[in-house]
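Here the structure comes first, spelled out in structure tokens, and everything after it is commentary.
Number of protein chains: 2
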Amino acid sequence: MSLDRTAICNYFLSLQDLIVSKLEKEDEKKFHVDSWERVAGGGGRTKVLLDGSTFEKAGVNFSDVSGEFSEEFAKQIPGDGRAFTACGISLVLHPKNPFVPTVHANFRYLTRGNRAWFGGGVDLTPYYPFREDVIAFHKVWHKACTTHSDVADYDKLKSWCDEYFHLPHRNEPRGVGGIFFDYLDKNLDQVWSFVQECGNSFLSSYLPIVQKRKTQFFSEAHKEFQEYRRGRYVEFNLLYDRGTIFGLKTGGRIESILMSLPLKVRWLYDYQPTIGSKEAELYEIYLKPRDWAREV
Amino acid sequence: MSLDRTAICNYFLSLQDLIVSKLEKEDEKKFHVDSWERVAGGGGRTKVLLDGSTFEKAGVNFSDVSGEFSEEFAKQIPGDGRAFTACGISLVLHPKNPFVPTVHANFRYLTRGNRAWFGGGVDLTPYYPFREDVIAFHKVWHKACTTHSDVADYDKLKSWCDEYFHLPHRNEPRGVGGIFFDYLDKNLDQVWSFVQECGNSFLSSYLPIVQKRKTQFFSEAHKEFQEYRRGRYVEFNLLYDRGTIFGLKTGGRIESILMSLPLKVRWLYDYQPTIGSKEAELYEIYLKPRDWAREV
Numbered sequence: 001m002s003l004d005r006t007a008i009c010n011y012f013l014s015l016q017d018l019i020v021s022k023l024e025k026e027d028e029k030k031f032h033v034d035s036w037e038r039v040a041g042g043g044g045r046t047k048v049l050l051d052g053s054t055f056e057k058a059g060v061n062f063s064d065v066s067g068e069f070s071e072e073f074a075k076q077i078p079g080d081g082r083a084f085t086a087c088g089i090s091l092v093l094h095p096k097n098p099f100v101p102t103v104h105a106n107f108r109y110l111t112r113g114n115r116a117w118f119g120g121g122v123d124l125t126p127y128y129p130f131r132e133d134v135i136a137f138h139k140v141w142h143k144a145c146t147t148h149s150d151v152a153d154y155d156k157l158k159s160w161c162d163e164y165f166h167l168p169h170r171n172e173p174r175g176v177g178g179i180f181f182d183y184l185d186k187n188l189d190q191v192w193s194f195v196q197e198c199g200n201s202f203l204s205s206y207l208p209i210v211q212k213r214k215t216q217f218f219s220e221a222h223k224e225f226q227e228y229r230r231g232r233y234v235e236f237n238l239l240y241d242r243g244t245i246f247g248l249k250t251g252g253r254i255e256s257i258l259m260s261l262p263l264k265v266r267w268l269y270d271y272q273p274t275i276g277s278k279e280a281e282l283y284e285i286y287l288k289p290r291d292w293a294r295e296v
Numbered sequence: 297m298s299l300d301r302t303a304i305c306n307y308f309l310s311l312q313d314l315i316v317s318k319l320e321k322e323d324e325k326k327f328h329v330d331s332w333e334r335v336a337g338g339g340g341r342t343k344v345l346l347d348g349s350t351f352e353k354a355g356v357n358f359s360d361v362s363g364e365f366s367e368e369f370a371k372q373i374p375g376d377g378r379a380f381t382a383c384g385i386s387l388v389l390h391p392k393n394p395f396v397p398t399v400h401a402n403f404r405y406l407t408r409g410n411r412a413w414f415g416g417g418v419d420l421t422p423y424y425p426f427r428e429d430v431i432a433f434h435k436v437w438h439k440a441c442t443t444h445s446d447v448a449d450y451d452k453l454k455s456w457c458d459e460y461f462h463l464p465h466r467n468e469p470r471g472v473g474g475i476f477f478d479y480l481d482k483n484l485d486q487v488w489s490f491v492q493e494c495g496n497s498f499l500s501s502y503l504p505i506v507q508k509r510k511t512q513f514f515s516e517a518h519k520e521f522q523e524y525r526r527g528r529y530v531e532f533n534l535l536y537d538r539g540t541i542f543g544l545k546t547g548g549r550i551e552s553i554l555m556s557l558p559l560k561v562r563w564l565y566d567y568q569p570t571i572g573s574k575e576a577e578l579y580e581i582y583l584k585p586r587d588w589a590r591e592v
């Protein structure tokens, strides 16, 4: 069974437009748009906003590429042959206010030879979390999965996310998780419905948090902690992230791939949060996998 | 033939003291010292200075560790068996003033089974380079090699450095290079003399540049460009650096390994230097391998 690739690409493209138009309502700045072609095949459209009033850096990328895997890289991917196609949407939003979490979402459709599959996920990385925000975020993804329980087992996708967004060298999760899936190649029609459900759910999982927290007062110390924690985001993306490595190994467009990295980051030495502080609370309560969707 | 490992460790340890004492003369702050033990064997001494008057972040690390390579990692290293020892000094100095370049140096002695070898190198990463500084730096390393030409072929070690400190995804060198060597396992006595020559040459290759440039006026724009270029340092260290990956794969002390990352970093989107600017000069003149040591 194979799906209509053009329809999938068009969905991702219109989802990019929708998300960007809604994000622009939250910021004084507009996104900059770059359409680009890839020498080895295909291209994409990158929408990016820097140094805005709400978003310090926001990147929403659409790409539709094709080409050949390198021999070495081909071994790490299921299927046969070296020819591949990949289309998808990928976004990372780094807000200015440390009380608004960073969010990442990515949905993609890949083919290699006769094989086709979907991958994707959404995860939240708070700096100064609010319990109700974290629960509300997870509930949206729980609902998206239970609506498509024929192909999306929430508990599985939630655990997959916790396992994937994990920094082994720090033995620390990147954030509070969400859902993650890859190589979903059975019942593609149903998976495709589920992926659209996810795409359509993104704004409702994240925008309410932005709207609620973006005007909250923050100090220089809050900002420094946010910049310090962003270092973990960089470490994860450069050391482990599948999408980043996929892009770098397949000759992707560097500026679109590394758009996920925050504008300002800092690396301290041997930072330890003060006992009983809000910073310590992040580590003790939130940076531990937990079934948030079922809490009230 | 095997060398006296204790003598080598002691040399690296006293070199750390010497370098730190000289660097402290250039800054209002003192280094913080952490002695640490490694669960799997050995330990080290980390000296680090943050947010000083001359150095925004300076880390000089000594380590003397032993243990077992993981099966996967063992395949990437010469020799037999999984037991290894490694001792060495590693430093990265990120100055505050954008007219002072960042410098990195590392010298190490490794054993695996019956095999023993030295590795190391020094390289300079300027933001706003001065031709005379770059030439003077390279001349020091040229001299260190020619004094030990029985084991150190300058042209080879210089090219090795250019090849090693290269960011394939950007097709860009990390900086202006220096020298690099690894797996030097022949004529170990002579190599050991060469390594000491290198250790003893470090301060004379770098301190004069610090002293000459650290009081130069800089603007916020100079600082931003420095922070932007530091992003390349992070990309290199997390994506490619052998020492960083060695540390992460052998259960090293994370804070000592990632001490190499700058305090403040920024990632812009699709930055291009203005034609004819000092920033463009960095790319056009300096970020191209060149035989600086033989220029006048």
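Residue numbers (the working numbering), protein chains in the order written: chain A, 1 to 296; chain B, 297 to 592.
Each residue gets a CB set at the ideal place from its N, CA and C atoms; glycine is no exception.
Using a Cβ distance threshold of 7 Å, residue 47 of chain A and residue 73 of chain A do not count as a contacting pair. The contact set of residue 233 of chain A on chain B, defined by CB atoms closer than 9 Å, is empty, because the minimum CB distance reaches about 11 Å. In terms of CA proximity to residue 119 of chain A, A/199 leads the group A/28, A/58, A/199 and A/252. Residue 96 of chain A is classed as buried because its beta carbon has at least 16 other beta carbons within 10 Å across all chains shown. Restricting attention to A/138, A/233 and A/238, the CA atom closest to the CA of residue 289 of chain A is found in A/138. In the three-state reduction of the DSSP assignment, residue 267 of chain A falls in the coil class. Taking C-beta separations shorter than 8 Å and ignoring five residues to either side along the sequence, the partners of residue 44 of chain A in its chain run 35, 36, 38, 61, 62, 63, 64, 65, 253 and 256, following chain order.
At least one CB atom of chain A sits nearer than 7 Å to the CB of residue 560 of chain B. With a contact defined as Cβ atoms closer than 8 Å, residue 98 of chain A and residue 272 of chain A miss out at about 19 Å. Using a CB distance below 7 Å, the part of the stretch 530-551 of chain B facing chain A consists of 530, 531, 534, 535, 544, 550 and 551, ordered along the chain. Per the Cβ contact rule, the stretch 374-381 of chain B is not in contact with the stretch 496-503 of chain B (fewer than 3 Cβ pairs under 8 Å). By the Cβ criterion, the stretch 98-108 of chain A is not in contact with the stretch 147-157 of chain A, since fewer than three pairs of Cβ atoms, one from each stretch, lie closer than 8 Å. Relative to the Cα of residue 298 of chain B, the nearest Cα in the group B/520, B/405 and B/510 belongs to B/405. Within its own chain, the residues whose Cβ lies closer than 7 Å to the Cβ of residue 320 of chain B, once the five positions on either side in sequence are excluded, are 326 and 327, listed in chain order. Put simply, the backbone Cα of residue 442 of chain B is about 37 Å away from that of residue 347 of chain B. In the DSSP assignment, residue 383 of chain B forms a beta bridge with B/360 and B/405. One Cα belongs to residue 309 of chain B, the other to residue 385 of chain B, and the distance between them is close to 8 Å. At a cut-off of 7 Å between beta-carbon atoms, residue 36 of chain A makes no contact with chain B. The C-alpha of residue 224 of chain A is placed about 41 Å away from the C-alpha of residue 192 of chain A. With fewer than 16 other Cβ atoms inside 10 Å of its own Cβ, residue 186 of chain A counts as exposed. By a beta-carbon distance limit of 8 Å, residue 528 of chain B contacts residue 463 of chain B. Their separation comes to about 6 Å. Per DSSP, the beta-bridge partners of residue 36 of chain A are A/44.
With respect to the 7 Å criterion, residue 125 of chain A and residue 175 of chain A are classified as neighbours on the basis of their beta carbons. Listed along the chain, the chain B residues whose CB falls inside 7 Å of the CB of residue 169 of chain A are 544 and 550. The C-beta of residue 269 of chain A comes closer than 7 Å to at least one C-beta of chain B.
If you compare the alpha carbons of A/11, A/70 and A/26 with that of residue 246 of chain A, the shortest gap goes to A/70.
Taking 7 Å as the cut-off, the beta carbon of residue 59 of chain A is found closer than this to the beta carbon of residue 259 of chain A. Here residue 263 of chain A has 56 and 57 as same chain residues with Cβ atoms under 6 Å from its own Cβ, once five neighbours each way along the sequence are excluded. Residue contact with chain B for residue 134 of chain A: absent (no Cβ-Cβ distance below 7 Å to any residue of chain B). Interface flag for residue 344 of chain B against chain A is set, since a Cβ pair is found closer than 7 Å. When the Cα atoms are used, residue 565 of chain B and residue 413 of chain B turn out to be separated by approximately 42 Å. The straight-line gap separating the alpha-carbon atoms of residue 466 of chain B and residue 149 of chain A is approximately 43 Å. Distance between residue 476 of chain B and residue 511 of chain B, taken at the CA atoms: about 30 Å. Between the C-alpha atoms of residue 322 of chain B and residue 508 of chain B there is a straight-line separation of about 11 Å. Closest option to residue 587 of chain B, judged by alpha-carbon separation, among B/576, B/562 and B/457: B/457. Between the alpha carbons of residue 591 of chain B and residue 430 of chain B lies a distance of about 10 Å.
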